[in-house]
Each structure stands twice: as structure tokens, then as C-alpha cells.
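Enquirer:
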Amino acid sequence: MNYLNIGSFLDLKSRKERIIYRTLEILPGTFSLITLFSAFFFSFFAPFFVAIFIILFDLYWLLKVIYLAIHQISSFLRLRKNLKIDWREKLKRFEDWKEIYHVVCLPFYKEGKEIVESSILALKNINYPKERIILILAVEERGGEKARKIANEMKEKYSRNFFKFFVTFHPRNLPGEIPGKGANVAFAIESTKKEIGGLGIKKENLLFSIFDIDTHPFPDYFSCLTYHYLKEGKPENIAFQPVPVYNNNIWQAPAFSRVVATSNTFWQMIQQERPEQLVTYSSHSLPYSLFEKISYPKEVVSDDSRIFWKAFFYFDGNFKTLPLFYPVSMDAVLGKNLLSTILNQYRQQRRWAWGAENIPFVIFNFLKNKKIPFSTKIFHTFVIFEGFWSWATASLLIFSLGWLPLILGGESFRKSVFGLNLPTLTQNLMMAASVGILVCGALSFLLLPKIQNGFFKKASLLLQWILLPLTLICFGCFPALDAQIRLMLRKNLGFWCTEKFRK
7 MNYLNIGSFL DLKSRKERII YRTLEILPGT FSLITLFSAF FFSFFAPFFV
57 AIFIILFDLY WLLKVIYLAI HQISSFLRLR KNLKIDWREK LKRFEDWKEI
107 YHVVCLPFYK EGKEIVESSI LALKNINYPK ERIILILAVE ERGGEKARKI
157 ANEMKEKYSR NFFKFFVTFH PRNLPGEIPG KGANVAFAIE STKKEIGGLG
207 IKKENLLFSI FDIDTHPFPD YFSCLTYHYL KEGKPENIAF QPVPVYNNNI
257 WQAPAFSRVV ATSNTFWQMI QQERPEQLVT YSSHSLPYSL FEKISYPKEV
307 VSDDSRIFWK AFFYFDGNFK TLPLFYPVSM DAVLGKNLLS TILNQYRQQR
357 RWAWGAENIP FVIFNFLKNK KIPFSTKIFH TFVIFEGFWS WATASLLIFS
407 LGWLPLILGG ESFRKSVFGL NLPTLTQNLM MAASVGILVC GALSFLLLPK
457 IQNGFFKKAS LLLQWILLPL TLICFGCFPA LDAQIRLMLR KNLGFWCTEK
507 FRK
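So the sequence shown is residues 7 to 509, counted in our numbering.
1) Excluding five sequence neighbours on each side, which residues of the same chain lie with their C-beta closer than 6 angstroms to the C-beta of Pro455?
2) Using a Cβ-Cβ cut-off of 8 angstroms (strictly less than) and excluding sequence neighbours within five positions of Glu201, which residues of its own chain qualify?
3) Can you check the region 251 to 298 for any beta strand (DSSP E) of at least 3 residues that lies completely inside it and give the ranges in chain order?
4) Closer than 7 angstroms by C-beta to Ile300: which residues in its own chain qualify, once you throw out the five before and the five after it? Chain order, please.
5) Ends of the beta strand (DSSP E) at Phe114?
6) Could you spell out where the beta strand (DSSP E) holding Ser422 opens and where it closes?
7) Quick one: complete alpha helix (DSSP H) runs, 4+ long, within the region 114 to 173?
8) Just to confirm the assignment, what range does the beta strand (DSSP E) spanning Tyr9 have?
9) When DSSP labels each residue in this structure, what does Lys19 get in the three-state scheme?
10) Quick one: what's Leu328 bridged to in DSSP?
11) Write down the C-beta distance between Ile276 and Gln78 rounded to the nearest angstrom, noting that I regard them as a contact closer than 8 angstroms.
12) With DSSP as the reference, identify every bridge partner of Ser440, one or two as the case may be.
13) Out of Arg138, Trp409, Leu476 and Ala489, which has the shortest C-alpha to C-alpha gap to Pro53?
14) Taking Ile61 as part of the alpha helix (DSSP H), name the residues at either end of that continuous run.
15) Is Leu4 buried or exposed, if buried means 16 or more other CB atoms sit within 10 Å of its CB?
16) With a Cβ-Cβ cutoff of 8 angstroms, do Leu453 and Val191 count as a contact?
17) Hey, could you find the ends of the beta strand (DSSP E) Leu205 is sitting in?
18) Taking one C-beta from the region 276 to 291 and one from the region 301 to 311 each time, how about it: are there three or more such pairs within less than 8 angstroms?
19) Taking the beta carbon of Val265 as the centre, do at least 16 other beta carbons fall within 10 Å, making it buried, or is it exposed?
20) With a cut-off of 8 angstroms on the beta carbons, I'd call Pro248 and Tyr332 a contact; round off their distance for me.
21) Would you check if the distance between the CB atom of Asn350 and the CB atom of Thr504 is smaller than 8 angstroms?
22) By Cβ distance, which residues of its chain are closer than 6 angstroms to Leu141, with the 5 residues on each side in sequence left out?
23) Over the uninterrupted alpha helix (DSSP H) stretch that includes Phe391, give me the two end residues.
24) For Arg420, tell me which candidate among Ser49, Leu65 and Ala267 has the shortest Cα-Cα distance.
25) Using only the alpha-carbon positions, how far apart do Ala439 and Val389 sit?
26) So what's Leu428 in DSSP terms, helix, strand or just coil?
27) Answer with buried or exposed for Lys506, where buried requires no fewer than 16 other C-beta atoms within 10 angstroms of its C-beta.
28) For the alpha helix (DSSP H) containing Ser229, list its first residue and its last residue.
29) What residue does the alpha helix (DSSP H) around Ile216 start on, and which one ends it?
30) Between which two residues does the alpha helix (DSSP H) containing Leu412 stretch?
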């Protein structure tokens, strides 16, 4: 069970295990770099081979886009349907629904008062009895006196609106931690266990939600969550995942930031349609009793996904994430000016891409755990590895291999029938694949919050999707490669807290 708390190969005592784990850390970046290097190498020495490969790859990508678009539309329709359901009314089919309490943890570092207060107000306005909501405002001591003052002010102002309102202060430089959200949440859980345990609430009647500080749950989120928890029979081995929609400041964010944020929303919607691949992400909910068995990750940057994998291995593979098809609203990346927004967007994507640190963790634990079926190991290994490989390489391959053989392949290839027709073939395949952009544009229009006299502004948002190829490379491939190369070279990436700024 000690293998559940591995942050890096240095946490292992055995030299053999360290070598295995370190090799697995190097593997993602190595594989991505070899893929990109091979594209240049074979474009020069074997252009016909590359031309055949890119046509097959583009065809594969076209089929994948169609497959994902179908899932995206299906997920969107289910989300819209769930928004119309009166979940509070549906709860009445369960006699014991009023016994369910929710612990909500809001970790924050140096965000301003307006960010913190708006999230507390969103909780205050939910359609669920507030006398069954326990709020934990988890403050980073590194935030200084300003953060402490905001936390104390929030408690004094809003504590009467909830059953309990706790404030915790996470000390700096605790051993075995990577300073960040995970360490803060882990400290908050341990700091409030005694007080929550003394409330006389049965552990199976407690759900724990970890929200980013900018998370605004939609009104029926906790009613929807409670319904699914009771419907599943109060399980201990299920996490619950809402759909993140980045609408809090969508009208203030620049076009590229909106495209990146909305693309992430759509990817999470697609994953909800594929629950066998769904892993906890950002804001999510878990049975509180789970933390009696495993600790919340404090030794990694990607805590939101690592908690899933820790639980998955604790239960020997018998753990899953249940999609709720219900949204929570969050902030799109926005800085004080355009340059800071660009830098913040890149850093946020790189931090998310640092989730590649889960690849060695997952494969290593598969090697150690003999109770999980071999087919399950193969499936999850492929899904997580292919996901990060595609993130770092797919867009670059699509937008470069169509012309690389023509540039590097020599005059004989350029004058061949294959060389003359390659640009047309790849262009036609990519034009057909643009159906995915059309679906994204249409659905993003339907997800937008209301704005007075905003018809032309909304219409202009459809045009932003022409930026998608650029954002896929600059805020997709590049930060993913950056993260994987850092993992290769042991240039560990600390937790970078995305700046929250609203005009």
C-alpha cells in the first residue's frame, strides 16, 4: 500500500524499483520526441512512406473526429436535459435524502476577495438545504495576511448561512509536500476530521466536494449529486464528476482563451460519454469515508486525477468515476493584459499536461498489483499513454506532415503523382474533419450565458473557432511537450496557481 503515495522515483527505497519507475518517467517524453523526429527523418529519407502514413493518419483522425462529435452532441443533449430536471423533487423518492450532508472544500492562495466571495455566494444560492452544507475555506499561509483577512471576513459574514463553516491555514514547507492545491486540501481534510467526526453524522451520509476557488455550482448540483449517490446505494468506490463550463468571465476573456476553455469543456463532455475512461478532474466529489482509507494526494501536482488512481488501486481496480452530465461554472484564463493572459494560458496548460506524471504511477502500480485483471491493465495503460502522446504530437503531425515530404523529400517525390496529389488529399481530409469545428462552434453558442444586447457579440464568437488549429498547437502540443521533457530531465514542475482576474 505504500506504493499509493509515490510522488516520484525518489520515494522508492529499492534500487531496482527506482530504476523501473525512473524509466517509466522518461518514457512519455521519449516516445513523443521520437514520433516528431521520425516525421522529419522519414520525410527526408522515405517521403513515400510518410505520405502513405499521413493519409492513413488523417483518415484515422477524420473518423475519430466524427466519433467524438457524436459523443459531444449526445453529452450536450444529456446535459441540457439534466438542467431542466427538478432534482430536488426527484430526491423525494429516497426517504433518507435529508440525512445526506455535503462537505465543500474551497482551497485558495492569493485570489482576491471578489473571487472567493462570489464562489461562497454561489453555494449560498444553491437549491439544497444549506443546513446540510459544511464549508471549508482552505487558506494557504503563503497567501499572507491578505488571505487570512479575507478568510476571516468570509467566515464572519457567511458562517450563519451554512451548517458549519471551517477555516484552515495550510503551513508552508511541510515535509513530503509539493506546495499547491493538493497539499492544501489534504491538510484541510486532516485538520477538520475531528470536528466533522464530532457532528454525529454517519460517514456514509457525507460527501466531500473539492472545488477550485472559482467554481460556481449550478443551483441543483448538490441535489443531482445526492440523487446519484443514493441511487447507487451510497457507494464508497465511486467518484462523481460534473462538467466544467468556463462561463464566469467568458465575456471578458480574449478569443484564444475562450477557444481553449471551451475546447476543454467539450473534451470533458466527451469523456462523460465514455465513463470507462473518465477520471476525476478539477472540481469533483467523493465519499468522505474514502479518506479513512487513503489520503488526499499532497506529493504531486496533478492531485485531482491522482486521487482517482489512488482509490482505483486501493480497491484493486473496483473504482470508477460516475458522470453527472451536470455543470459547474469556472473562470476562463484571463490576465491583467493580453501578454499575461497568453503566458497564464500556457502555464495552465503545461500544469495540466504535467498529469503525465500519472503514467509511471499507473504502470508501476499495475506491475505491483496482481489482483487487477490483465485486460484492465492493458486498457488503462493504452488510454492514459495514448492520451498524453496525442496531446503532445497529434496536432503537429496533422499540420506538418502534409507539406514536410514535399519540402524534404526531394525533386523526384515532388514531381511524382503521389507528391503532386498529396496536398489535395490531405487538405480534403482535413476539410472533412472540420465538421468537428462546426460542432464546437454551434454548441459553444448554445452554452453561453445570457447577455443583454449581445447578439452581435455572440455571433462573433462563432468566428473564434478559426483559431482552433493555432490553439491546439500553441496551447496544446507545446505545453504538453514542455511538461513531458521536464519529466524526462527531472526538471520537476511545481504547482502553478492560475491567476484569477476579472475586469
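Glycine residues also receive a C-beta, built at the ideal position from the N, C-alpha and C atoms.
Expert: Let's see:
1) The count along the sequence shown starts at 1 and reaches residue 455 at position 449. When the five nearest sequence neighbours on each side are left out, the beta carbons in the same chain lying within less than 6 angstroms of the beta carbon of Pro455 are those of Asn253, in order along the chain.
2) The residue given as residue 201 occupies position 195 in the sequence shown. Within the same chain, Glu201 has close Cβ partners Lys170 and Phe172.
3) 290 to 293
4) The sequence position of residue 300 within the sequence shown is 294, counting from 1. Leu10, Lys316, Ala317 and Tyr320, listed in sequence order.
5) Position 108 of the sequence shown, counting from 1, holds the residue named residue 114. That run of the beta strand (DSSP E) goes Tyr107 to Phe114.
6) The sequence position of residue 422 within the sequence shown is 416, counting from 1. Where Ser422 is concerned, there is no enclosing beta strand (DSSP E), given that its DSSP letter is neither H nor E.
7) 119 to 130 and 150 to 164
8) Position 3 of the sequence shown, counted from the first residue, corresponds to residue 9. First-last for Tyr9: undefined, no H or E at that position.
9) Position 13 of the sequence shown, counting from 1, holds the residue named residue 19. Here Lys19 carries a coil assignment [DSSP, helix/strand/coil].
10) Here residue 328 refers to the residue found at position 322 when the sequence shown is read from its first residue. Answer is Phe246, bridged to Leu328.
11) For the purposes of this step, residue 276 is taken as residue 270 along the sequence shown, with counting starting at 1. For the purposes of this step, residue 78 is taken as residue 72 along the sequence shown, with counting starting at 1. Rounded, the Cβ-Cβ distance is 5 angstroms, consistent with contact.
12) As a first step, residue 440 is located in the sequence shown; it is residue number 434 there, counting from the start. Partner(s): none; Ser440 has no beta bridge.
13) Locating residue 53 in the sequence shown gives position 47, counting from the first residue. Here the closest residue by C-alpha is Trp409.
14) Start at 1 with the first residue of the sequence shown, and residue 61 comes out as number 55. DSSP places Ile61 in the uninterrupted alpha helix (DSSP H) bounded by Pro53 to Lys90.
15) A question about residue 4 goes unanswered here, because the residues of the chain that appear run from 7 up to 509.
16) The residue labelled residue 453 in the question sits at position 447 within the sequence shown. The residue labelled residue 191 in the question sits at position 185 within the sequence shown. Result no, Cβ atoms of Leu453 and Val191 do not sit closer than 8 angstroms.
17) As a first step, residue 205 must be located in the sequence shown, where it is residue number 199. Where Leu205 is concerned, there is no enclosing beta strand (DSSP E), given that its DSSP letter is neither H nor E.
18) yes
19) Indexing the sequence shown from 1 puts residue 265 at position 259. Flag for Val265 reads buried.
20) If you number the sequence shown from 1, residue 248 lands on position 242. If you number the sequence shown from 1, residue 332 lands on position 326. In this structure Pro248 touches Tyr332 by the C-beta definition: roughly 5 angstroms separates them, less than 8 angstroms.
21) The residue labelled residue 350 in the question sits at position 344 within the sequence shown. The residue labelled residue 504 in the question sits at position 498 within the sequence shown. Yes, the Cβ-Cβ distance between Asn350 and Thr504 is below 8 angstroms.
22) Here residue 141 corresponds to residue number 135 of the sequence shown, with the count starting at 1. Setting aside the 5 residues that flank it on each side, Leu141 is surrounded in the same chain by Val110, Phe168 and Phe171, each with a C-beta closer than 6 angstroms to its C-beta; the list follows chain order.
23) Translated into the one-based positions of the sequence shown, residue 391 becomes position 385. That run of the alpha helix (DSSP H) goes Phe380 to Ser406.
24) Residue 420 sits at position 414 when you count from the first residue of the sequence shown. When only C-alpha atoms are compared, the closest one is Ser49.
25) Within the sequence shown, numbered from 1, the residue matching residue 439 stands at position 433. Within the sequence shown, numbered from 1, the residue matching residue 389 stands at position 383. Approximately 22 angstroms, taken between the alpha carbons.
26) Locating residue 428 in the sequence shown gives position 422, counting from the first residue. Helix at Leu428.
27) If you number the sequence shown from 1, residue 506 lands on position 500. Classification for Lys506: buried.
28) Along the sequence shown, read from residue 1 onward, the residue named residue 229 stands at position 223. Element bounds for Ser229: Tyr227 to Lys237.
29) If you number the sequence shown from 1, residue 216 lands on position 210. Unbroken run through Ile216 is the beta strand (DSSP E), Leu212 to Ile216; no alpha helix (DSSP H).
30) Taking the sequence shown and counting its residues from 1, one reaches residue 412 at position 406. Start and end: Leu410 to Leu414.
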